[in-house]
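Novice:
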Amino acid sequence: MSRPVPAVFGSVFHAEMPVIEFTDDQWQPVKWQPSSDLTIPAGAHALHYGSECFEGLKAFRQADGKIVMFRPTANIARMQQSAEILHLPKPETEAYLDALIELVKRAADEIPDAPAALYLRPTLIGTDPIIGKAGSPSQTALLYILASPVGDYFKMGSPVKILVETEHIRCAPHMGRVKCGGNYASAMPWVLKAKEEHGAAQVLFCPNGDVQETGASNFIVINGDELVTKPLTDEFLHGVTRDSVLTVVKDLGYTVTERNFTVDELQTMIENGAEAILTGTAAVISPVTSFVINGKEIEVQSQARGTAIRKAITDIQYGLAEDKHGWLVEVC
Numbered sequence: 017m018s019r020p021v022p023a024v025f026g027s028v029f030h031a032e033m034p035v036i037e038f039t040d041d042q043w044q045p046v047k048w049q050p051s052s053d054l055t056i057p058a059g060a061h062a063l064h065y066g067s068e069c070f071e072g073l074k075a076f077r078q079a080d081g082k083i084v085m086f087r088p089t090a091n092i093a094r095m096q097q098s099a100e101i102l103h104l105p106k107p108e109t110e111a112y113l114d115a116l117i118e119l120v121k122r123a124a125d126e127i128p129d130a131p132a133a134l135y136l137r138p139t140l141i142g143t144d145p146i147i148g149k150a151g152s153p154s155q156t157a158l159l160y161i162l163a164s165p166v167g168d169y170f171k172m173g174s175p176v177k178i179l180v181e182t183e184h185i186r187c188a189p190h191m192g193r194v195k196c197g198g199n200y201a202s203a204m205p206w207v208l209k210a211k212e213e214h215g216a217a218q219v220l221f222c223p224n225g226d227v228q229e230t231g232a233s234n235f236i237v238i239n240g241d242e243l244v245t246k247p248l249t250d251e252f253l254h255g256v257t258r259d260s261v262l263t264v265v266k267d268l269g270y271t272v273t274e275r276n277f278t279v280d281e282l283q284t285m286i287e288n289g290a291e292a293i294l295t296g297t298a299a300v301i302s303p304v305t306s307f308v309i310n311g312k313e314i315e316v317q318s319q320a321r322g323t324a325i326r327k328a329i330t331d332i333q334y335g336l337a338e339d340k341h342g343w344l345v346e347v348c
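At position 317 of the sequence shown the residue is numbered 333 (our numbering), and the sequence of numbers has no breaks.
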């Protein structure tokens, strides 16, 4: 059975979505409704004061036909963390996971074969219809989950040029680990400028020379048999794919070093043959092909190790390699 992959990532949705409301100080039973529209008050807290966060995870059709999700409880935990920081009601793990599983079951026939997947987008919004609550959290909320069949976010083999930005930051430092729309909006002016002026796919934010993350992905250097990446802080997103990569590479014989490093160090490593990758749910791993640093374009000599690490992750997702770490949740 041929299952089409939409030409534009995240542009086609399963017809239904689960909706869970938080009212009267408790989470209500899940309801199912068409995914084409969502009705909320015009004065909803999320629309005026940014009380919103979201997640991204995937379900896969494996080689033997089974449908699995990859690390859903890690994404649930991260949304709970985001909700806590934003003072939104924290979703209940069991009801959230049950809704994800049921959605994947209902959308199972739409999940394309490898290398495509079903992308899941849970979103939590504050819904109090009071525009005078700029300094108060929303006491009501709504969690809904979209499902979208997708192909590769970045086509493997296509150039991924990164502009290194040392003056501006991606978002407010204390909000970096929150997965919310405001952080992506904050990065957008610099990302668009990088595309227009340098043809870059993304921006690597390095305030005062401190290498952090791009506008939409975590960042890792592969320096020979060592992976180097910034240790987790409040300044950037705690990526599930980042964690998966740092775990899997140890199985492959790499060492992992989580430390602060500078743009000068990055440039030296790249000029001496190191690779670099972007990690995230949408693209999994995108090997970087070049950097623009201080107006100078520096080619990355190889993408071989990054491509091999990507395959190690996707082989687990598609059932072609053993799930040693218990990451997969079988749905049907």
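Glycine is no exception: its CB is placed at the ideal position from the N, C-alpha and C atoms.
Which residues share a DSSP beta bridge with residue 47?
Specialist: By DSSP's assignment, residue 47 forms a beta bridge with 35.
Novice: Quick check on residue 188: buried or exposed, where buried means 16 or more other Cβ atoms within 10 Å of its Cβ?
Specialist: exposed
Novice: At what residues does the beta strand (DSSP E) containing residue 77 begin and finish?
Specialist: 73-77
Novice: For residue 151, which residues from the same chain have a beta carbon less than 6 Å from its beta carbon, with the 5 sequence-adjacent residues on both sides left out?
Specialist: none
Novice: Give, in chain order, every unbroken run of the beta strand (DSSP E) that is at least 3 residues long and sits entirely within the region 74-108.
Specialist: 83-86
Novice: Sorted by chain position, which residues of the same chain lie with C-beta nearer than 6 Å to residue 25's C-beta, five sequence neighbours on each side aside?
Specialist: 166, 169
Novice: In this structure, does DSSP put residue 326 in helix, strand or coil?
Specialist: helix
Novice: Flag this pair as yes or no: are the beta carbons of residue 72 and residue 298 separated by less than 8 Å?
Specialist: yes
Novice: Return the residue from the list 200, 144, 287, 20 that minimises the CA-CA distance to residue 164.
Specialist: 20
Novice: Are the beta-carbon atoms of residue 230 and residue 38 separated by less than 8 Å?
Specialist: no
Novice: From residue 43 to residue 35, what distance separates their C-alpha atoms?
Specialist: Cα to Cα, residue 43 sits roughly 11 Å from residue 35.
Novice: Decide yes or no for the touch test of the region 299-306 against the region 320-329: beta carbon pairs closer than 8 Å, at least 3 of them.
Specialist: yes
Novice: With a cut-off of 8 Å, does the C-beta of residue 151 fall near any C-beta of chain B?
Specialist: In the structure shown, chain B does not exist; there is a single protein chain.
Novice: For residue 182, report the span of its beta strand (DSSP E) as first-last.
Specialist: That residue, residue 182, is in no beta strand (DSSP E); it is neither H nor E in DSSP.
Novice: Please report how far the alpha carbon of residue 45 lies from the alpha carbon of residue 135, in whole angstroms.
Specialist: 24 Å
Novice: Could you give the first and the last residue of the continuous beta strand (DSSP E) run that contains residue 312?
Specialist: Where residue 312 is concerned, the enclosing beta strand (DSSP E) stretches over 312-315.
Novice: Are residue 30 and residue 51 closer than 8 Å when you measure CB to CB?
Specialist: yes
Novice: Taking 8 Å as the threshold (C-beta atoms), are residue 88 and residue 345 in contact?
Specialist: yes
Novice: Quick one: Cα of residue 137 to Cα of residue 315, how far?
Specialist: Computed Cα separation, rounded: 34 Å.
Novice: With DSSP as the reference, label residue 155 as helix, strand or coil.
Specialist: coil
Novice: Identify every residue that forms a DSSP beta bridge with residue 137.
Specialist: 162
Novice: Compute the beta-carbon to beta-carbon distance between residue 250 and residue 193, rounded to the nearest angstrom, for a pair I have assumed lies under 8 Å.
Specialist: Between residue 193 and residue 250 the Cβ distance is about 5 Å, and since that is below 8 Å, they are a contact.
Novice: Count the other C-beta atoms from every protein chain shown that fall within 10 angstroms of the C-beta of residue 48, then say buried if there are 16 or more, exposed otherwise.
Specialist: exposed
Novice: Taking only the alpha-carbon atoms, compute the straight-line gap between residue 77 and residue 84 and give it to the nearest angstrom.
Specialist: 7 Å
Novice: Take the Cβ of residue 23 as the centre, count every other Cβ of all protein chains shown within 10 Å, and call the residue buried at 16 or more, exposed below.
Specialist: exposed
Novice: Using a Cβ-Cβ cutoff of less than 8 Å, which residues in the same chain neighbour residue 27 once the five nearest sequence positions on both sides are dropped?
Specialist: Correct list, in chain order: 164.
Novice: Looking at the unbroken beta strand (DSSP E) that takes in residue 295, where does it start and where does it end?
Specialist: 291-296
Novice: Residues bridged to residue 147 by DSSP?
Specialist: DSSP output for residue 147 lists no bridge partner at all.
Novice: Quick one: using the 10 Å Cβ neighbour count with 16 as the cut-off for buried, is residue 58 buried or exposed?
Specialist: exposed
Novice: Between the C-alpha atoms of residue 319 and residue 239, what's the straight-line distance to the nearest angstrom?
Specialist: 12 Å
Novice: Quick one: Cα of residue 275 to Cα of residue 54, how far?
Specialist: 43 Å
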